[in-house]
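Below is one structure, written out as structure tokens; comments come after it.
Residue numbers (the numbering used here), protein chains in the order written: chain E, 56 to 197; chain H, 56 to 197.
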């Protein structure tokens with residue numbers, strides 16, 4: 056699997072309570088704005104919201120499964136709108152630049168909710184999987 | 056709980072196989088470089104590595120539990136060294152700027168392994184929890 060400049064990909068997913076619970080267990084982030092409906096009612100959101108980093112996890116999934124990305128080099132994230140339990144989000148990827156000689160690409164990463172509102176925007180920098188072979192020079196990746 | 060300019064906080068955590076498995080389930084990211092020891096041996100890493108976004112999840116935990124952050128507005132991440140199952144990482148937070156009138160702060164976020172190597176570096180932008188009350192102006196947060 057590979058990709059080229061200008062490629063676009065979409066992937067949709069429901070944000071379930073089970074995902075929020077599991078993400079809290081992995082991260083240890085039990086912030087009541089995510090976990091406690093009564094507390095969440097007192098906030099500006101009026102109800103529980105999903106952890107912002109769940110979107111980041113879904114972006115990493117879309118990159119790995121959709122584009123066959125080898126390794127993540129970087130990511131920027133701007134959280135613009137909350138995502139609520141039960142929302143269906145769509146991850147939009149767009150390959151905006153590739154340095155072919157080094158296998159490094161920039162991918163615009165946007166997460167929208169079911170109303171088309173942009174919830175998270177940012178950019179990923181990634182290493183194509185063909186470049187993941189055994190090389191012992193500077194490890195520059197995760 | 057609150058914090059002020061210049062505050063620093065550290066939090067250490069072992070990266071377990073259970074975390075990698077759970078993160079794969081939440082995200083759907085079963086990239087073999089994380090899950091398949093035989094495949095991982097053929098890569099430059101020589102063994103399985105943790106998902107980069109597990110570090111992001113731990114940063115979000117440290118912000119929420121350590122600084123009592125209300126809401127995440129943004130995060131940048133540069134993945135510089137891989138993190139392996141069994142590594143013990145330390146999340147280092149440093150409050151580098153605060154706009155007190157709006158409750159918005161910048162926090163340097165660095166993740167080091169047990170050898171003191173920087174694995175992930177970046178910056179978080181966050182809203183202090185005191186500013187999380189019911190306000191119906193522009194929702195600018197997650």
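Heads up, the beta-carbon is just placed ideally off N, CA and C, and yes, glycines get one too.
Cα-Cα separation between residue 71 of chain H and residue 132 of chain E, rounded to whole angstroms = Numbered from its first residue, the second chain carries residue 71 of chain H at position 16. Numbered from its first residue, the first chain carries residue 132 of chain E at position 77. Taking the straight line joining both Cα atoms gives about 26 Å.
Would you list, in sequence order, the uninterrupted beta strand (DSSP E) runs of no fewer than 3 residues that lie entirely inside the segment 81–112 of chain E?
-> None, since the segment 81–112 of chain E contains no complete beta strand (DSSP E) of that length.
Is there at least one Cβ from chain E nearer than 8 Å to residue 81 of chain H's Cβ?
-> By one-based count along the second chain, residue 81 of chain H stands at place 26. Chain E has a Cβ within less than 8 Å of the Cβ of residue 81 of chain H.
Would a check of beta-carbon distances place residue 168 of chain E closer than 8 Å to chain H?
-> Locating residue 168 of chain E in the first chain gives position 113, where the first residue counts as 1. Using a CB distance cut-off of 8 Å, residue 168 of chain E does not count as an interface residue toward chain H.
Going straight from the alpha carbon of residue 81 of chain H to that of residue 150 of chain E, what length do you get?
-> If you number the second chain from 1, residue 81 of chain H lands on position 26. If you number the first chain from 1, residue 150 of chain E lands on position 95. The alpha-carbon atoms of residue 81 of chain H and residue 150 of chain E are separated by roughly 25 Å.
Nearest-angstrom Cα distance between residue 119 of chain H and residue 63 of chain E?
-> As a first step, residue 119 of chain H is located in the second chain; it is residue number 64 there, counting from the start. As a first step, residue 63 of chain E is located in the first chain; it is residue number 8 there, counting from the start. Going from the Cα of residue 119 of chain H to the Cα of residue 63 of chain E covers about 34 Å.
Three-state secondary structure (DSSP) of residue 196 of chain E = Position 141 of the first chain, counted from the start, is the residue given in the question as residue 196 of chain E. Legend: pLDDT at residue 196 of chain E = 45, less than 50; position of this residue unreliable, no value from coordinates given.
As assigned by DSSP and simplified to three states, the class of residue 148 of chain E | As a first step, residue 148 of chain E must be located in the first chain, where it is residue number 93. DSSP, reduced to helix, strand and coil, places residue 148 of chain E within a strand of the structure shown.
Between the segment 132–158 of chain H and chain E, which residues of the former have CB atoms less than 8 Å from a CB of the latter, in chain order?
-> Along the segment 132–158 of chain H, the positions whose C-beta sits under 8 Å from a C-beta of chain E are 132, 133, 134, 135, 136, 137 and 138, read in chain order.
In chain order, what residues of the same chain lie with their CB nearer than 8 Å to the CB of residue 134 of chain H, ignoring the 5 residues before and after it?
-> Counting from 1 along the second chain, the entry for residue 134 of chain H is found at position 79. 107, 110, 174 and 175.
Taking the alpha-carbon positions, what's the residue 123 of chain E to residue 154 of chain E distance?
-> One-based indexing of the first chain puts residue 123 of chain E at position 68. One-based indexing of the first chain puts residue 154 of chain E at position 99. Going by the C-alpha atoms only, they are around 16 Å apart.
Could you confirm whether any beta carbon from chain E is found closer than 8 Å to the beta carbon of residue 84 of chain H?
-> Position 29 of the second chain holds residue 84 of chain H. Yes, contact with chain E.
Straight-line CA distance for residue 179 of chain H to residue 129 of chain H?
-> For the purposes of this step, residue 179 of chain H is taken as the residue at position 124 of the second chain. For the purposes of this step, residue 129 of chain H is taken as the residue at position 74 of the second chain. Rounded to the nearest whole angstrom, the C-alpha separation of residue 179 of chain H and residue 129 of chain H is 6 Å.
Please check if any C-beta of chain H sits within less than 8 Å of the C-beta of residue 90 of chain E.
-> Residue mapping note: residue 90 of chain E aligns to position 35 of the first chain, counting from 1. No, residue 90 of chain E does not count as interfacial toward chain H.
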